[in-house]
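A.B. asks: Numbering (the numbering used here), first residue to last: 2 to 78.
We treat Cβ as the ideally placed atom computed from N, Cα and C, and that holds for glycine.
(1) With DSSP as the reference, label residue 35 as helix, strand or coil.
(2) What's the call for residue 3, buried or exposed, on a 16-neighbour Cβ count within 10 Å?
(3) Nearest CA to the CA of residue 40: which residue from 16, 57 and 56?
(4) Just the C-alpha distance for residue 46 and residue 10, rounded to the nearest angstrom, thanks.
(5) Answer yes or no: do residue 12 and residue 51 have a C-beta to C-beta separation smaller than 8 Å?
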């Protein structure tokens, strides 16, 4: 099993005009994740790219560590 992270999904909040990143979940959802600022569902823009890594480095680092810890915990069980 690989420990390399998947790229997060990029969303845009039409209400507060912000871009936010969320990790892709392999679950069937009826709506997109809510904006962290105004709690309204965002619009899917696609998978985050290198430019997003440069603009939002904290989100990428947080997603990387979260995924890595999750996968390592699954290996120990």
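C.D. replies: Looking at the coordinates:
(1) Translated into positions along the chain shown, residue 35 becomes position 34. Three-state DSSP puts residue 35 in a strand.
(2) Residue numbering aside, residue 3 sits at position 2 when the chain shown is read from its first letter. Any reading at residue 3 must be qualified, since the residue scores a pLDDT of 45, below 50, and its modelled position is unreliable; no value is offered.
(3) Looking up residue 40 in the chain shown gives position 39. With distances taken between Cα atoms, residue 40 lies closest to 16.
(4) Along the chain shown, one-based indexing puts residue 46 at 45. Along the chain shown, one-based indexing puts residue 10 at 9. Their backbone Cα atoms lie some 8 Å apart in a straight line.
(5) In the chain shown, residue 12 corresponds to position 11, counting from 1. In the chain shown, residue 51 corresponds to position 50, counting from 1. No, these two residues do not count as a Cβ contact at 8 Å.
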